[in-house]
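A.B. asks:
Protein chains: 2
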Amino acid sequence: MDHLDSLIHLLSRLPGIGKKSATRMAYYLLQSDEEFTRNLGEHIVSLKEKISRCRRCGNYSEHELCPVCADTRRDAGLICVVEQPQDIAVLEASHEYTGYYHVLHGVLAPLDGVGPSELNIQSLIGRVGQGSVRELIIATNPTVEGDTTALYLKKLVEHLGVTVSRLALGLPVGGDLEYADRLTLARSLKGRTAL
Amino acid sequence: MDHLDSLIHLLSRLPGIGKKSATRMAYYLLQSDEEFTRNLGEHIVSLKEKISRCRRCGNYSEHELCPVCADTRRDAGLICVVEQPQDIAVLEASHEYTGYYHVLHGVLAPLDGVGPSELNIQSLIGRVGQGSVRELIIATNPTVEGDTTALYLKKLVEHLGVTVSRLALGLPVGGDLEYADRLTLARSLKGRTAL
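For the protein sequence lines, the chains are A and B, in the order given. The first sequence runs 1 to 195 under full-length UniProt numbering. The second sequence runs 1 to 195 under full-length UniProt numbering.
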């Protein structure tokens, strides 16, 4: 059973998948039709060949430019900076944003050896330097590293005459004051808006 | 993003995996090292070539005989009948059973069109008919279909002079009377054992 065991071992390395789920998945694959199993396997094998980083923003893409960068109808004055490509999908799903994106592929984390040169920052400066950008919306996660990265980027671009903003912090919609943590509540008070 | 989307779609067909987990897994694969991704994909592609049914018991195996059937030190007088190959792993983990197994690959379910000929029953009769088997332990699930299948198998083999038994039903170890369902409790009373 070496092949099955090593498949289970590999599957259990996926995020959120423990030994039990991995076992269930492996047996499911064995029992499902040949075409599905082969198709899934081949998709995984060719994943990295097929998909690489968008030349402009760093998003994952099958083409040289990702679908967002290839869309010329968007607002070229806005660039939203995110940590990971998957953040773009979340922002796109809100249908609230019409500008372009830039993916850092991480955040500054000196303790983990991630400095500015490890991130996709150089090309961001290049994009902002071209002059058509009026606002940089920094949408890194509201964590210590995300905040540090946001401040670092602000310093880098402020001499270029571009507005730098950060996503608002506050209570989640549909949330409950009772369950809000102290820090979120403090930011929510500080950022209160006129009714 | 067609390739990524179809990978997410394929992953979400796995048991217990919804759209969100599938997306997380797909991005994880994109971000992890080339070797892991390729290795996992190739394992899935070659799964069905590498693993087939054990000639004797129907368990999944890389060889003609599965590891259990190939082990000649086990008790040839006992055959434990299970629904699925994964049930063998569970029983083996209990370290309580030293006989051989037989995998039905399903249970009788006339409404779903599963009759005796769809199951791995013929070869079970052959094994029992060889004469060295003294007991058949039927370990199908304690469901209507599992019980029906157990009764059907009993009828099939009783003229061969073999004892047919069924796994005990009762409270799970560490369980709580308060949370036991009525049927389990009834079976548990009926099957009470002397202290």
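A virtual CB, placed ideally from N, CA and C, is assigned to each residue, including glycine. Owing to the predicted nature of the structure, the values given are computational and were not obtained by experimental measurement.
Of all the options A/G126, A/S12 and A/E145, which has the alpha carbon lying nearest to the alpha carbon of A/L111?
C.D. replies: Out of A/G126, A/S12 and A/E145, A/E145 has the C-alpha closest to the C-alpha of A/L111.
A.B. asks: Let me check understanding here. Comparing Cα to Cα, which of A/P116, A/L171, A/I121 and A/A109 lies closest to A/V103?
C.D. replies: Residue A/I121 is the option with its Cα nearest to A/V103.
A.B. asks: Taking contact to mean at least 3 C-beta pairs separated by less than 8 Å, is the region 86–100 of chain A in contact with the region 39–52 of chain A?
C.D. replies: With the cut-off at 8 Å, the region 86–100 of chain A and the region 39–52 of chain A do not touch.
A.B. asks: If you follow the beta strand (DSSP E) that B/C80 is part of, which residue opens it and which one closes it?
C.D. replies: Start and end: D75 to V82.
A.B. asks: State the DSSP-derived secondary structure class of B/H63, mapped to helix, strand or coil.
C.D. replies: Note: B/H63 maps to coil in three-state DSSP.
A.B. asks: If we define contact as Cβ-Cβ less than 8 Å, is A/T149 a contact residue for chain B?
C.D. replies: Judged by the 8 Å Cβ criterion, A/T149 is not in contact with chain B.
A.B. asks: Going by other Cβ atoms of all chains shown within 10 Å of its Cβ, with 16 needed for buried, is B/Q130 buried or exposed?
C.D. replies: Counting Cβ neighbours within 10 Å, B/Q130 comes out exposed, since fewer than 16 surround it.
A.B. asks: Per DSSP, which one or two residues make a beta bridge with A/V144?
C.D. replies: Answer is none; A/V144 lacks a bridge partner.
A.B. asks: Just how far apart, CA to CA, sit A/D71 and B/N59?
C.D. replies: If you take the alpha carbons of A/D71 and B/N59, they lie about 53 Å apart.
A.B. asks: Between A/G131 and chain B, is the shortest Cβ-Cβ distance under 8 Å, so that the two count as touching?
C.D. replies: Closer than 8 Å: no.
A.B. asks: Hey, could you find the ends of the alpha helix (DSSP H) B/L7 is sitting in?
C.D. replies: Looking at the DSSP string, the run of the alpha helix (DSSP H) that includes B/L7 is D2 to L11.
A.B. asks: Round the Cβ separation of A/V82 and A/A139 to the nearest angstrom and send it over; I've been treating them as touching at under 8 Å.
C.D. replies: So it is a contact: roughly 5 Å between Cβ atoms.
A.B. asks: Listing by chain order, which chain A residues have their CB less than 8 Å from the CB of B/E42?
C.D. replies: Within 8 Å Cβ-Cβ: G41 and V45.
A.B. asks: Taking beta-carbon pairs under 9 Å, can you tell me which members of the region 8–40 of chain A lie near chain B?
C.D. replies: So the list reads L10, L11, R13, L14, P15, G16, I17, S21, T23, R24, M25, A26, Y27, Y28, L29, L30, Q31, S32, E34, F36, T37, R38, N39 and L40, given in the order they occur along the chain.
A.B. asks: Ordered along the chain, which non-local residues of its own chain (more than five positions away) have a Cβ less than 8 Å from that of A/K19?
C.D. replies: Same-chain partners within the cutoff: I8 and S12.
A.B. asks: Can you round the beta-carbon distance between B/I125 and B/L78 to whole angstroms, since I take them to be within the 8 Å contact cut?
C.D. replies: With 8 Å as the limit, B/I125 and B/L78 do not qualify as a contact, their Cβ atoms being about 16 Å apart.
A.B. asks: Leaving out the 5 sequence neighbours to the left and right, which residues in its chain are closer than 7 Å to A/L30 when beta-carbon positions are compared?
C.D. replies: Hits under 7 Å: none found.
A.B. asks: Name the DSSP beta bridge partners of B/Y101, please?
C.D. replies: B/C80, per the DSSP bridge assignment.
A.B. asks: Could you tell me the alpha carbon to alpha carbon distance between A/C66 and B/R38, rounded to whole angstroms?
C.D. replies: Rounded to whole angstroms, A/C66 to B/R38 spans 24 Å at the Cα level.
A.B. asks: Let me know if B/H43 comes out buried or exposed under the rule of 16 or more other beta-carbons within 10 Å of its beta-carbon.
C.D. replies: Result: buried.
A.B. asks: Kindly list, in the order they appear in chain B, the residues whose Cβ is closer than 8 Å to that of A/S6.
C.D. replies: Here the neighbours are H43.
A.B. asks: In whole angstroms, what separates the C-alpha of A/A168 from that of A/T143?
C.D. replies: Cα to Cα, the separation comes out at about 13 Å.
A.B. asks: What would DSSP say about B/T72, mapped onto helix, strand or coil?
C.D. replies: DSSP places B/T72 in coil when its eight states are reduced to three.
A.B. asks: In the DSSP assignment, the beta strand (DSSP E) including B/R166 goes from what residue to what residue?
C.D. replies: Counting along the chain, the beta strand (DSSP E) containing B/R166 begins and ends at T163 to R166.
A.B. asks: For A/R192, does the count of other Cβ atoms within 10 angstroms reach 16, so buried, or fall short, so exposed?
C.D. replies: Classification of A/R192: exposed, given that the 10 Å Cβ count is below 16.
A.B. asks: Classify B/S61 as buried or exposed, calling it buried when 16 or more other Cβ atoms lie within 10 Å of its own Cβ.
C.D. replies: Under this definition B/S61 is a buried residue.
A.B. asks: Can you give me the Cβ contacts of A/G170 inside the same chain, cut-off strictly under 8 Å, excluding the 5 residues immediately before and after it?
C.D. replies: T184, R187, S188 and G191, listed in sequence order.
A.B. asks: Let me see if you follow: with CB-CB separation under 8 Å, is B/I138 close to chain A or not?
C.D. replies: False, the Cβ-Cβ gap to chain A never drops below 8 Å.
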